[in-house]
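Chains as they are written, first to last, in full-length UniProt numbering: chain A, 1 to 532; chain B, 1 to 347. Structure record follows, encoded as structure tokens.
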Ligand SMILES: Nc1ncnc2c1ncn2[C@@H]1O[C@H](COP(=O)(O)OP(=O)(O)OP(=O)(O)O)[C@@H](O)[C@H]1O
Ligand SMILES: [Mg+2]
């Protein structure tokens, strides 16, 4: 591009205590351009965006917007200047309605701040329509919506600002392909109208679809940029090549992973087999016929899911797929005792099991990784170490006293195994990048030695290298005889890991398959209600 | 599919899915019951209260008694209205009672010194604004948790009042006639109309203005409020100042009601104000509630007080009953929060 950039950043540096989140970073974006910001967890992507959005102020360096100096001191300044942001961590108002959420901070008013409800209602209807969301959502309380719907409302809110610069920090990490595609269409429209879009993602399969240029950060520094969505090049710039290699079909394979059949990240593997991806079917025959550890029979929860039956076997990975709102997470919550069950039974290890809360579930050996990291997962006031060991303290305690050394070892072991990037185990969890927080939660569960591991979007927001690592860990865990129930919106992940897949559609189980019967087309058909 | 013991097709072979909206179901789930209780508890309690007391005392349901109750509730109602804003933002104020006490000393002294009523009234407002500004700055600017900050200022006001009082009770007449129950418009005391007007205005501010939305937003999620471009500190301070101004007015009506300033004047109002807001159903955690509910809470508490006296119950029981009712109301709110959280994932 020859024209002058809309937004420029020069020499941005940002320190948090002893952590250098960004060092001397430059960044440009033109009007109408779509730029993907890439990098491993903790590379500084979100920090860069937050400097642009006025959440943080830089320690050094400067910004310009539309040719003028731009130094937002607060998010308000940035919003006024035309910078609109969808943050990585969801930031809605759960007590307020969707309509109120959509207009928070930018209400249409008459004199004295009096709200113009009529025109806001009209405008809100149009906004939702652009994301193909039903207008009936407007009156619902934000907190009553699923996380993915909340995310879409936040996207609609950011879009509504008619921003000059739109920042999307991992917006699709909890959306399935269907919802993601709607977002991409919206991004297309906006960039055609001149909005500059900064897009952060760890999903390689959407890169070409959403971005014209790729800017890579590594350890808080510029690591290069390119117009070429070539995976190998990008991975090299990100510094992920050591842990990931590129397979013959263009897909990514963990370096340690000798299994050539591992399904490629993204669409790489699709072409070779006529548009059909198949499951890996790693489980051996013994695991497939062993007595199930969890049997769910005709389970119903009023208004959420109905008449669900399936079994989870030790040593197997059972995948659950469904579009947003299909009831996948809700089913997991019910198994953990966090959602009332109205009918049906659950048997765990051959015995009837009636969960009352996650605590009883955990005592029985059912560990659950929740979908919403921020509100259901982390203890925001505690350290990385305390967060990690929280569920496994019993293992390192005697007569109720926690062994300091035992806890330290436990934390160190797991931080090392999942390569968690934190200054020290004593750093506050909130100082970690999103992906690293997710790893801490995973470690917390894995450390409890569960019989059944329920993982709701386990690699949400995790970079490719670590994702491979986590996939490998999950497979290893299954190989030791642990049953895994895996919920994922990412088709490639589901296909790669699952031995069995169940698909939910509007609260019903519509389809199940094992091993080689698992195909992408069949799953999608079932998820959209097309299969019987 | 041979290795599956369950029947995968089960879901699809049964009749088409029922509508999956949680509110659409006709069944009375626990969630709906709690929700209904949460909404209707206060109205129901009010009805029970009125019926019970009118059976217990023939004097209870007379216009004279009811206007008396309304007039006597004025200071509590004004404080509770302002306090609702603070609690909606997730804050609390435990200094309101002694702030009223201290300001009522100022009002009484100025009256005794023969100052014109308008000057006295403006002084009360100014004093209230200072109180609000102080509390607001401590919590919003210095980021001291509001419970700690207002415990501190409460001690300050209490000691201040004690020092000013200096073992001399000050007797006083109302600043303006309409601040006592005496002045009437037809049958209705003007004071009651003023209180109702305050509630109406605050209700409109909360529901119809950006400022009101910001208050709910802050109570719901402070971080998100900041990121949405809301000036959290300013809204917090303004909320505190509004409470302070209402405390200033309340000091005048309090003095008109009791007619004397003593060492511990006003102290009882702190707890009653918090109780009114909470019994009304505004969440102590912020983000949810309304001033109209608070008005209901105020009515409930003052009528309870009045009815117990009229029914000849020893006044010792009064505190016990009020305390019990508050616990019940708060636990029902808490239960609703838990159940809401469990059901919230439904679409
Ligand atoms: N508020 C904070 N306090 C202290 N350290 C922080 C804070 N925010 C970020 N950091 C640190 O700055 C570095 C960059 O974090 P950032 O969130 O920008 O990473 P990211 O590239 O967005 O990663 P991810 O892909 O995991 O979201 C990390 O090492 C992180 O621990
Ligand atoms: Mg990030």
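Glycine included, C-beta positions come from ideal geometry on N, C-alpha and C. In this text, all values refer to a predicted model and were calculated from it rather than measured experimentally.
- The beta carbon of residue 306 of chain B sits closer than 6 Å to the beta carbons of 69 from its chain, once the five residues preceding and following it are set aside; these are given in chain order.
- In the structure shown, residue 7 of chain A falls within a strand segment according to DSSP collapsed to helix, strand and coil.
- With a contact defined as Cβ atoms closer than 8 Å, residue 309 of chain A and residue 338 of chain A miss out at about 20 Å.
- For residue 125 of chain A, same chain residues with a beta-carbon under 6 Å away, outside a window of 5 residues either side, are 135 in chain order.
- The beta carbon of residue 322 of chain B is closer than 7 Å to those of 275, 301, 304 in its chain, skipping five residues each way along the sequence.
- Here residue 245 of chain B has 82, 125, 128, 129, 132 as same chain residues with Cβ atoms under 8 Å from its own Cβ, once five neighbours each way along the sequence are excluded.
- Inter-segment contact for the stretch 514–523 of chain A and the stretch 494–501 of chain A is present: three or more beta-carbon pairs are separated by less than 8 Å.
- A distance below 8 Å between beta-carbons, with the five flanking residues on each side excluded, links residue 41 of chain B to the following residues of its chain, in chain order: 281, 329, 332.
- Counting C-beta atoms within 10 angstroms of its own C-beta, residue 293 of chain B has 16 or more neighbours from the protein chains shown and is therefore classed as buried.
- Taken in chain order, the whole beta strand (DSSP E) runs of length 3 or more contained in the stretch 186–213 of chain A are 196–200.
- Residue 325 of chain A is not a Cβ neighbour of residue 173 of chain A, given a cutoff of 8 Å.
- Restricting attention to A:510, A:479, A:451, A:20, the CA atom closest to the CA of residue 218 of chain A is found in A:20.
- Judged by beta-carbon spacing, residue 164 of chain A lies within the 8 Å limit of residue 82 of chain A, meaning their Cβ atoms are closer than that value.
- Residue 166 of chain A and residue 238 of chain A have their C-alpha atoms roughly 23 Å apart.
- Counting along the chain, residue 152 of chain A sits inside the alpha helix (DSSP H) bounded by residues 147–160.
- Out of B:207, B:262, B:314, the CA that lies nearest to the CA of residue 287 of chain B is found in B:207.
- Any heavy atom of ligand 1 counts here; residues with a Cβ closer than 5 Å to one of them, in chain order, are A:16, A:19, A:21, A:41, A:42, A:43, A:44, A:45, A:46, A:47, A:431, A:432, A:433, A:434, A:435.
- Under the three-state reduction of DSSP output, residue 59 of chain A falls in the coil class, being neither helix nor strand.
- Look at residue 151 of chain A: its beta carbon is at least 7 Å from all of the heavy atoms in ligand 2.
- Look at residue 438 of chain A: its beta carbon is at least 7 Å from all of the heavy atoms in ligand 2.
- Residue 105 of chain A belongs to the set of residues whose beta carbon lies under 8 Å from a beta carbon in chain B.
- Contact of residue 113 of chain A with chain B by beta-carbon distance below 7 Å involves 209, 210, 211.
- According to DSSP, residue pairing for residue 12 of chain A in a beta bridge involves A:25.
- One Cα belongs to residue 89 of chain A, the other to residue 295 of chain B, and the distance between them is close to 38 Å.
- Judged by DSSP in its simplified three-state form, residue 169 of chain B adopts coil rather than helix or strand.
- CA-to-CA, the gap between residue 129 of chain A and residue 138 of chain A works out to about 11 Å.
- In this structure, the C-beta of residue 88 of chain A approaches ligand 2 to less than 7 Å from one of its heavy atoms.
- Leaving aside the five residues that flank residue 138 of chain B on each side, the residues in its chain whose CB is nearer than 6 Å to its CB run, in chain order, 144, 149.
- Counting along the chain, residue 408 of chain A sits inside the alpha helix (DSSP H) bounded by residues 404–417.
- Of the candidates B:270, B:324, B:264, B:264 places its Cα closest to the Cα of residue 163 of chain B.
- Here residue 155 of chain A is not near residue 45 of chain A, since their CB atoms are 8 Å or more apart.
- Residue 76 of chain A belongs to the set of residues whose beta carbon lies under 8 Å from a beta carbon in chain B.
- Sorting A:446, A:12, A:29, A:425 by C-alpha distance to the C-alpha of residue 22 of chain A places A:12 at the top.
- Between residue 328 of chain A and residue 320 of chain A a beta carbon distance of about 5 Å is seen, short of the 8 Å cut, so the two are scored as contacting.
- Cβ atoms of residue 316 of chain A and residue 422 of chain A stay farther apart than 8 Å, at about 33 Å.
- For residue 368 of chain A, the enclosing beta strand (DSSP E) stretches over residues 366–369.
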